Amino acid sequence: MEKKRVIIRCMIWMLAWVLLVESQANARPLSFDVRGNNEYEFIKLPDTLKQNDVVFLPDSLIRDTLQYEFSKIKEVAYRRKWTKELYKMIFVNPRKINIDIVQTENSEDRYKPYRGKTIRDIHVKVLPPFGTSVNDTTPLQDSLQWLLSVANSVHQKSAERVIKKQLTVRPGMIVDPFELVQNEQLLKAMSNVDDALIGIQEVQSDTNQVDLMIICKDEFSWTGEVWSNFLNAVDLGLETKNLFKLGHSLHYQASFRGSKDKKWGNLIEYKASNLLGSHMDFYGMYENSYNQDILRVELDKEFLTYKTKWAGGAAYSRVYSSKTLVDRDINKPVELFNYRLWDFWGGTSFYLPEKYSYNRIFYLTGRYTGTSFVDRPEVSSDSNHFYYDRDRIMGALTFTKIKYFKANLIYDFGRTEDIPSGLSGTLLFGYEKSDFTEYGYLGTEWHYSWFNKYTERYYAWYAALGTFLNGYTAESGVFKVGSQYISRLYDLSRHRLRFYSNVDYVLGIKRNPDDYIYFEDANIRGFDSDTTRGTQRLSASMSATLFLPYIKRGFRASVTGFVDWGVLARDEKNLLNSQSYWGIGVSLNLRNDNLILKNVSIRFAFYPKGPPDIHSIEVNVSSRRKSGFYDYRVYKPDAIKYE
1 MEKKRVIIRC MIWMLAWVLL VESQANARPL SFDVRGNNEY EFIKLPDTLK QNDVVFLPDS
61 LIRDTLQYEF SKIKEVAYRR KWTKELYKMI FVNPRKINID IVQTENSEDR YKPYRGKTIR
121 DIHVKVLPPF GTSVNDTTPL QDSLQWLLSV ANSVHQKSAE RVIKKQLTVR PGMIVDPFEL
181 VQNEQLLKAM SNVDDALIGI QEVQSDTNQV DLMIICKDEF SWTGEVWSNF LNAVDLGLET
241 KNLFKLGHSL HYQASFRGSK DKKWGNLIEY KASNLLGSHM DFYGMYENSY NQDILRVELD
301 KEFLTYKTKW AGGAAYSRVY SSKTLVDRDI NKPVELFNYR LWDFWGGTSF YLPEKYSYNR
361 IFYLTGRYTG TSFVDRPEVS SDSNHFYYDR DRIMGALTFT KIKYFKANLI YDFGRTEDIP
421 SGLSGTLLFG YEKSDFTEYG YLGTEWHYSW FNKYTERYYA WYAALGTFLN GYTAESGVFK
481 VGSQYISRLY DLSRHRLRFY SNVDYVLGIK RNPDDYIYFE DANIRGFDSD TTRGTQRLSA
541 SMSATLFLPY IKRGFRASVT GFVDWGVLAR DEKNLLNSQS YWGIGVSLNL RNDNLILKNV
601 SIRFAFYPKG PPDIHSIEVN VSSRRKSGFY DYRVYKPDAI KYE
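Going by my numbering, the residue at position 379 of the sequence shown is 379; the numbering climbs one at a time, nothing skipped.
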């Protein structure tokens, strides 16, 4: 064994010496002494990005130097057969085998050294959508570079002024680490932005001032969406994400459901964010599909950061036909709903002193909804209660404490993900008056999540209880509890592996006789049955995702194996004595930042035992991005959903 080690060491030293000698003639100096040698000129670095006298230093300068030397060694080694074979034994091509792991950290840590300093100026750099990254501003060069260049040339670049208007920070304000974290999230949430990074550079002439450096990677102006079960259901979508260079989005989707009475459907949506710099968003949509026929318009200003004092909005919906109600928990009505809905809400926030590095905020919100039916069956005090005209007032007191951590390879292959760690507690109260009834409402909802940055494990719990009150009698209540766990990222040679699990339980309390719950995709993936139903549901899921290290033509891949289990039962039956159902499957997940369809997931599922209205084998393809984190953002109050 010792002789083998000596031989291997000698071979490595011999190869290094040969390559060094043969490459000296063509070696490129790593630096130039420009002060005493007029023969050299200053070299403009092609991958240095400059904007408004601020230089955005690329992460790739060292990488490119090493890559050059790596390529030079490879070129020299391939001149002789024996050095070529020795090279293959020692070196691995880093461009074909690569998984970038983000160093886990508290999202505020990078801003804390600048806390309390004054923002002098804000500079924005917008990167093209293909071949770039906010962590490495150098365009990636490969054999498809000409195609990426063409795509970038036809792309409608985001306007820097639109990016600046989305921010809640301005020159002259004081650096607040948590507000900068939330502003980075605001940029990532823009339809025309794929990824964003906010950096800070200290002003050399005045160390009490800093400049903010905003790097945004554009989302390609046009994007597509696809979903299908390869049997009788297809969704095809097309969206422009930067209409008029204002960050407005226009989305169209065509759908087909072969098993439904209405087979073809259409959906068109228009969203204009941050109107006139007010952070007020406009949303309009029209959908005519197997599920519903609805026209909706709304104006909304949300609690964007913890410093947003006021939020609110108004919406109007004309629902020509629908299987669902905004203010009722029902999915399978006997007769479709036809009604008008008015929806108004508002709220204010109060910031509490930071404690144990958690940012604590208290919210007071209120909401009014009015439902007026245009066409309905005959109603009475003891029948068709879903079709009552009604007015509802809801209020909520919410306390949150929150901080974020940065990591990756959780739900998204590409950009860095913000992992929430904190607590949210809400007290709900309300009053509803309808044609024949008057109800009060009481409820409470709690979320807790904890991310251990040392072990990189994530834990989350959820509990909710709510009920309508007819005098002192509880009616149409719901109890929900659940938990979620995400493991650390395991190293398997060049591969990475992560485990996921969750458990959920829902119980209906004194529900109406025709009010049931069903299996959703979040319980048993792809299990879509109209006949399997109950008033209580218990489900559990376990999955493992293997992130593959290979990159080919920009494609990165992961493989997920999963086992889903669930059981539904009526009031009078015990869950343990009811029929349980399983879903077992695997999915191949592909991501390519150089394509319009960045994410594609192909899923195969097998159901050992199922009702007659589902197939035992399901194949599904989808381009929809998955996110499983509760974001702790406070919105309009609502009764706890029975779903």
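Where is the CB? At the ideal position from N, CA and C, for every residue including glycine.
What you are looking at is a predicted structure, and each value in this text was computed from that prediction instead of being measured.
Which residues in the same chain have their Cβ closer than 6 Å to the Cβ of residue i, if we skip the five residues on either side of it in sequence?
| i | result |
| --- | --- |
| K112 | P177 |
| F519 | F527 and G566 |
| G425 | F399 and W446 |
| Y630 | H447 |
| M285 | E269 and R296 |
| V21 | Low local confidence applies: a pLDDT of 45 at V21 is under 50, so the model's placement there is unreliable, and no value is given. |
I'd like the list of long-range same chain contacts for residue i, defined as Cβ closer than 8 Å, with 5 residues on each side in sequence excluded.
| i | result |
| --- | --- |
| D613 | S529, D530 and T531 |
| S278 | K301 |
| P171 | I119, R120, D121 and I122 |
| N208 | K117 and T118 |
| K655 | Residue 655 cannot be examined here, being either before or after the span of the chain that is shown, 1 to 643. |
| L187 | I163, Q166, L167, V193, A196, I198, I214 and C216 |
| Y306 | F178, E179, Q182, S349, Y351, N359 and I361 |
Just curious, the beta strand (DSSP E) that residue i is in, first and last residue?
| i | result |
| --- | --- |
| K301 | Q292 to K301 |
| A396 | R390 to A407 |
| S501 | H495 to I509 |
| E354 | F337 to K355 |
| T444 | E438 to N452 |
| L423 | E417 to S434 |
| K245 | Per DSSP, K245 belongs to no beta strand (DSSP E) and is neither H nor E. |
| V326 | Run containing V326: none; DSSP gives neither H nor E here. |
| L492 | Y490 to L492 |
| Y368 | Y358 to D375 |
| I617 | I617 to S622 |
| H155 | From DSSP, H155 is part of no beta strand (DSSP E); its letter is neither H nor E. |
| G265 | W264 to A272 |
| L127 | T118 to L127 |
| Y111 | First-last for Y111: undefined, no H or E at that position. |
Rounding to the nearest angstrom, what Cα-Cα distance links residue i and residue j in this structure?
| i | j | result |
| --- | --- | --- |
| G199 | S205 | 19 Å |
| D504 | G482 | 4 Å |
| Y472 | G466 | 14 Å |
| G265 | E618 | 22 Å |
| E105 | F451 | 11 Å |
| I551 | N592 | 9 Å |
| E378 | N288 | 26 Å |
| M89 | M542 | Residue confidence for M89 is low, a pLDDT of 47 falling below 50, so the modelled location carries little weight and cannot support an answer. |
| N577 | A569 | 9 Å |
| T535 | N523 | 15 Å |
| E572 | I517 | 15 Å |
| Y351 | F362 | 6 Å |
| I419 | S487 | 13 Å |
| K271 | L243 | 10 Å |
| Q253 | S317 | 20 Å |
| S191 | F436 | 45 Å |
| D261 | D564 | 30 Å |
| G610 | Y441 | 37 Å |
| V506 | F468 | 17 Å |
| Y114 | L180 | 11 Å |
| D109 | L299 | 35 Å |
| Y459 | D491 | 21 Å |
| R457 | Y485 | 8 Å |
Excluding the 5 residues preceding and the 5 following residue i in the sequence, name in chain order all residues of the same chain whose CB lies nearer than 7 Å to its CB.
| i | result |
| --- | --- |
| L590 | F555, A557 and V600 |
| I330 | T324, F386 and D515 |
| Q185 | D418 |
| L546 | H495, L497, S558 and V559 |
Since I believe residue j is in contact with residue i (beta carbons under 8 Å), could you give me their beta-carbon distance rounded to a whole number of angstroms?
| i | j | result |
| --- | --- | --- |
| K323 | Y358 | Between Y358 and K323 the Cβ distance is about 41 Å, and since that is not below 8 Å, they are no contact. |
| D218 | S273 | Actually they do not touch by this definition, with Cβ atoms about 15 Å apart. |
| M647 | P608 | For the chain, the structure presents residues 1 to 643; residue 647 sits outside this window and is missing. |
| A464 | I640 | 5 Å |
| L597 | S623 | 5 Å |
| G313 | W342 | So it is not a contact: roughly 12 Å between Cβ atoms. |
| D235 | S259 | With 8 Å as the limit, D235 and S259 do not qualify as a contact, their Cβ atoms being about 14 Å apart. |
| D327 | T369 | 6 Å |
| V478 | Y642 | 4 Å |
Any beta carbon from chain C within less than 7 Å of residue i's own beta carbon?
| i | result |
| --- | --- |
| S424 | Chain labels in this structure do not include chain C; a single protein chain is all it has. |
task: May I have a chain-ordered list of the beta strand (DSSP E) segments no shorter than 3 residues that lie completely inside the stretch 157-229?
output: 193-202, 209-218 and 222-228
message: I'd like the ranges of any beta strand (DSSP E) spanning at least 3 consecutive residues and lying wholly in the stretch 521-583.
response: 536-547 and 556-569
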